[in-house]
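Using full-length UniProt numbering, the final residue of the sequence shown is 276, and nothing's skipped along the way.
A virtual CB, placed ideally from N, CA and C, is assigned to each residue, including glycine.
Notes for the one structure printed next.
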Amino acid sequence: MKKNLKKTQKTNDKPRQKRASVKPAGKPAQMREDIIEGRNAVIEAIKSDRTIEQIMIAKGDMEGSIIKLIKMAKEKKIVIKEVDRRKLDSMSETGAHQGVMAIITPFKYCEVEDILAAAAERCEKPFIIILDEIEDPHNLGSIVRTAELSGVHGIIIPKRRNVGITPTVYKSAAGAIEHMKIAKVTNINQAIDELKDNGVWVYGTDIRAEEYSYQTDFGGACALVIGNEGTGMSKLTKDKCDKLIKIPMVGTINSLNASVAAGIMMYEVMKGRLNE
């Protein structure tokens, strides 16, 4: 009996295989903010005053919009380098660089007062987007793109727990980053107080709100708060809002993608202003 037990133990006591190394949970890897990917994004960067250190183009991709891009870059005396496509693949965050990448100076964030000043320069009532912990770079890029098209003067994001201006954001924004003021603040709620001190009404979206977005008068200076993709606005931020409103929905599920919700709200504001 003892003999059999020993045999069983020996059979089951196999040498343990080394487990694949897993990075400890915690702070995610820092995403680069000095790279732009994709043809439209790079073309818009060339048009702007952004400092471009170098443009890398995949060998064999000298056709279509790349020719226009190269011509524009040469006019501004920007260094152009032909590289193996595999190099771009290894550097790409989006996986869709379209054979072109640019090394740039990191995005220059502005102050909240710069956004208010931009509205004043255009003799318009401030229209601002406040993002409360948006984590998906595709969502941020889409929001920036829609904001630029709907007359938003600037976007406010928190320094912590919110995606910054990364290559994926550039790609999703399709060049709109170069035309949008973005302030990165330490405290969203203090930024809201600053806006209120300057006569800006702050609206938040909440499924339990009593008033629908189409019933709201956005005629004055306004800021829209868009909450986190999963949890929505934080309680403190929600309490800071002057009014909570909801988007009408008739389906079974009760939530919209953050960038879609932001788009609907932005066009409600734009529609009201066009009718003034």
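Can residue i and residue j be called in contact, C-beta distance under 8 Å?
i, j, result
"I115", "L224", "no"
"A180", "E148", "The question names Ala, yet the displayed sequence has Met at residue 180. Their beta carbons are under 8 Å apart, which means M180 touches E148 by this criterion."
"D49", "P106", "no"
"L236", "N189", "yes"
"V185", "I156", "yes"
"A45", "I36", "yes"
"G60", "H97", "no"
"K47", "E178", "yes"
"A262", "T146", "yes"
"I207", "C110", "no"
"I264", "I247", "yes"
Under DSSP, the alpha helix (DSSP H) around residue i begins and ends at which residues?
i, result
"I143", "137-149"
"residue 309", "Nothing can be reported for residue 309: it is not among the residues displayed for the chain, which extend from 1 to 276."
"Y267", "258-274"
"residue 277", "This structure does not reach residue 277, given that the chain is present from 1 up to 276, and the question cannot be answered."
"E113", "112-121"
"Q54", "Segment 52-58 is the beta strand (DSSP E) holding Q54; no alpha helix (DSSP H) there."
"D197", "188-197"
"residue 282", "Within the shown structure, residues of the chain are numbered from 1 to 276, placing residue 282 beyond reach of any answer."
If residue i sits next to residue j, beta carbons under 8 Å apart, how far is it from one beta carbon to the other, in whole angstroms?
i, j, result
"V144", "A176", "5 Å"
"I80", "I55", "5 Å"
"Y212", "I245", "7 Å"
"I192", "K240", "5 Å"
Just to confirm my understanding: we take residue i, look at its own chain, exclude 5 residues before and 5 after, and list those with CB closer than 8 Å. What are they?
i, result
"E229", "I134, E135, D136, N139, N257, A258"
"K196", "V202, D242"
"D217", "G272"
"E124", "G151, H153"
"G26", "Unreliable positioning characterises G26 in this predicted model, as indicated by a pLDDT of 39, which lies under 50. A coordinate reading is not provided."
Ordered along the chain, which non-local residues of its own chain (more than five positions away) have a Cβ less than 7 Å from that of residue i?
i, result
"E194", "V112"
"G219", "G272, E276"
"N198", "L116"
"M270", "S150, G151"
"G76", "It is worth fixing the name first, because residue 76 is Lys in this sequence and not Gly. Cβ within range, chain order: I46."
With a CB to CB cut of under 6 Å and the five nearest residues on each side skipped, what residues in its chain are close to residue i?
i, result
"G141", "V169, S172, A173"
"P126", "L116, A119, H153, V200, A221"
"G227", "D132, M233"
"K7", "Any reading at K7 must be qualified, since the residue scores a pLDDT of 44, below 50, and its modelled position is unreliable; the value itself is stated next. Result list for K7: empty, nothing under 6 Å."
"S65", "R39"
In terms of residue numbering, what span does the beta strand (DSSP E) encompassing residue i cover?
i, result
"K184", "181-185"
"I157", "154-158"
"I35", "35-37"
"T205", "201-205"
"E82", "80-83"
| task | Pair every Cβ in the stretch 154-171 with every Cβ in the stretch 98-114, then say whether three or more of these pairs are closer than 8 Å. | result | yes
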